[in-house]
Amino acid sequence: MHRLEISLKQAARKSEINISGGIRRKLGQLISLKAPRRVAIISNQRVFDLYGREVVRSLKAAGFKPIEWLMPEGERYKSFRILEKAVTFLSENRLERDDLVMALGGGVVGDLAGFSAAIYLRGLPLAQVPTTLLSQIDSSVGGKTGINLPTGKNLVGAFHQPASVFIDTETLVSLPPRELVSGFCEMVKQALISDRALFETTVNCLQKAGSNRDFLVSPEFENLIAAHCGFKASIVANDERESTTRSDTKSRRVLNFGHTTAHALETITNYRVFRHGEAVGYGMLVAAELSRNLGLIDAGELKSLREAVSLCGPLPRADNLEINQIIRALKHDKKSVGGQINWVLLEGIGRPRIIEGRLISAKSLRLALRAGLQKESVH
Ligand code: NAD
Ligand code: GLY
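Going left to right, the sequence shown walks through residues 269 to 647 as this note's numbering numbers them.
Structure, rendered in structure tokens:
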């Protein structure tokens, strides 16, 4: 089992991350709560059918009183309407300040359950039990919670750090193939902005995982997940609230590598074509082309990045999308500051650099979008 800690300066406390195959069956012994308190599990039907009963059994065996509420499945339910239902459930069951909210599922469940925990009674302790690869290496770590508005994703939310994250690698075996591709893309993103060692280990593991899904429950893959969580934790510990005035290589903003184009692709396709990580796959290719156009990386680094994205698996087509429409959507990016898009580009593997949009010509952007979104750039 791996155990990591994030020291949170702003919250003046620690958040712990536990990683182990089968950990869902031991949650009762591991949660930092004294029995017989209540644990409100928020999940969805699919995930609860797969793993919920084992979690409930473990909590009951340790003397806790678990109750569950299942939200509908899908990104569109990360909404005010469902949030209201979630907090109403907590209220009707008279959850108290020392009880625990447990998010069991992917990033959608994690974000909505986390936000419910952040606002109900002005904050209940939270445990994240992420069950997708994306949520295990990214969304469950770092305390961002929230919901979507019709005008955009994640526009309402709060920073609410989980007291604990429990990552059970065994849950990855039931993931549909596209969810794995999506998680692999986020892994490549994180590896590219961390350092060459993590990049090489990640590429090596993707090669193994591509031909053998049992690899996902191997100690080697567990080590990889721990390394990714360690990297994300180091960024979060340094810049918990994603300061907009920082642009150094350790600022939380660098985690948005690949996300500027990704959000534009998701918006113009109404979130119907790409899984989030798949869009990030294209976003990295576009950012790499821009980095090459600006002379920040060489042809060899561009090639390594393309190969790494290709190892993640097939991405839906993007070369049929309107470049002008993508450019219009880019201008509405919610991460823009003072109306300026801030691109996270690369000066090399492990060397992210934040570049203001005004430094990128319209022609260079068009060329990068055309090259990055080409079908042959991924397979
Ligand atoms: P998701 O939560 O939609 O899960 C993907 C699908 O897999 C769902 O249908 C889900 O029911 C199913 N599923 C989950 N676990 C499963 C399992 N073990 N076996 C079989 N099926 C399973 O998608 P996601 O990629 O995990 O998360 C995406 C969400 O995360 C987005 O809403 C995004 O905005 C958010 N996000 C948040 C942060 C953050 O820092 N808070 C970071 C990145 C992404
Ligand atoms: N997923 C980006 C962040 O947590 O900051």
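All C-beta atoms in this analysis are idealised placements derived from N, C-alpha and C, irrespective of residue type, glycine included.
Assigned with DSSP and collapsed to three states, residue 284 falls in strand. Here residue 614 is not near residue 641, since their CB atoms are 9 Å or more apart. Secondary structure at residue 538: coil, using DSSP grouped into helix, strand and coil. For residue 421, the uninterrupted beta strand (DSSP E) segment begins and ends at 420 to 427. Every unbroken stretch of the alpha helix (DSSP H) spanning 4 or more residues and falling wholly within the segment 545 to 583 is given here in chain order: 567 to 579. Cβ-Cβ distances below 7 Å link residue 294 to 326 in the same chain, with the five nearest sequence neighbours on each side left out; the list follows chain order. For residue 403, the secondary structure class from DSSP, reduced to helix, strand or coil, is helix.
Separation of the CB atoms of residue 453 and residue 546 is rounded to 6 Å, and the pair is thereby assigned contact status at 8 Å. With a threshold of 8 Å, the Cβ atom of residue 454 counts as near ligand 1, since some heavy atom of the ligand is closer than that. Counting other Cβ atoms within 10 Å of its Cβ, residue 399 reaches 16 or more and is therefore classed as buried.
Using a 10 angstroms sphere on the CB of residue 598, the tally of other CB atoms reaches 16 or more, which defines it as buried. Distance between residue 321 and residue 556, taken at the CA atoms: about 44 Å.
Per DSSP, residue 487 is one residue of the alpha helix (DSSP H) stretching across 487 to 506. Proximity to residue 318 across 336, 439, 503 peaks at 439, based on C-alpha coordinates.
The segment 522 to 531 makes contact with the segment 614 to 628: 3 or more CB pairs, one atom from each, lie closer than 8 Å. For the pair residue 499 and residue 381, the Cα-to-Cα distance works out to about 24 Å. It is roughly 7 Å from the alpha-carbon of residue 406 to the alpha-carbon of residue 497. When secondary structure is reduced to three states using DSSP, residue 445 falls in the helix class. Distance from the Cα of residue 390 is smallest, within the candidate group 417, 270, 426, for 426.
In the DSSP assignment, residue 414 falls within the unbroken beta strand (DSSP E) covering 412 to 417. DSSP places residue 642 in the coil class of the three-state scheme, outside both helix and strand.
The residue from 560, 283, 455, 424 with its alpha-carbon nearest to that of residue 616 is 560. Residue state for residue 353 is assigned as helix, using DSSP reduced to three classes. Rounded to whole angstroms, the Cβ separation of residue 383 and residue 351 is 6 Å, and the two are in contact under 8 Å.
Between residue 530 and residue 563, the CB-CB gap reaches or exceeds 9 Å. Residue burial is scored here from C-beta neighbours: residue 340 has fewer than 16 other C-beta atoms within 10 angstroms and is therefore classed as exposed. Within the segment 273 to 336, the complete alpha helix (DSSP H) segments of 4 residues or longer fall at 295 to 298, 321 to 329, listed in chain order. At a cut-off of 8 Å, the beta-carbon of residue 379 counts as near ligand 1: some heavy atom of the ligand is closer than that. In this structure, the beta-carbon distance from residue 376 to residue 312 falls below 9 Å. For residue 475, the enclosing alpha helix (DSSP H) begins and ends at 464 to 479.
DSSP, reduced to helix, strand and coil, places residue 343 within a helical segment of the structure shown. Under the three-state reduction of DSSP output, residue 270 falls in the strand class.
Rounded to the nearest whole angstrom, the C-alpha separation of residue 626 and residue 608 is 7 Å. Closest option to residue 578, judged by alpha-carbon separation, among 273, 456, 346, 354: 456.
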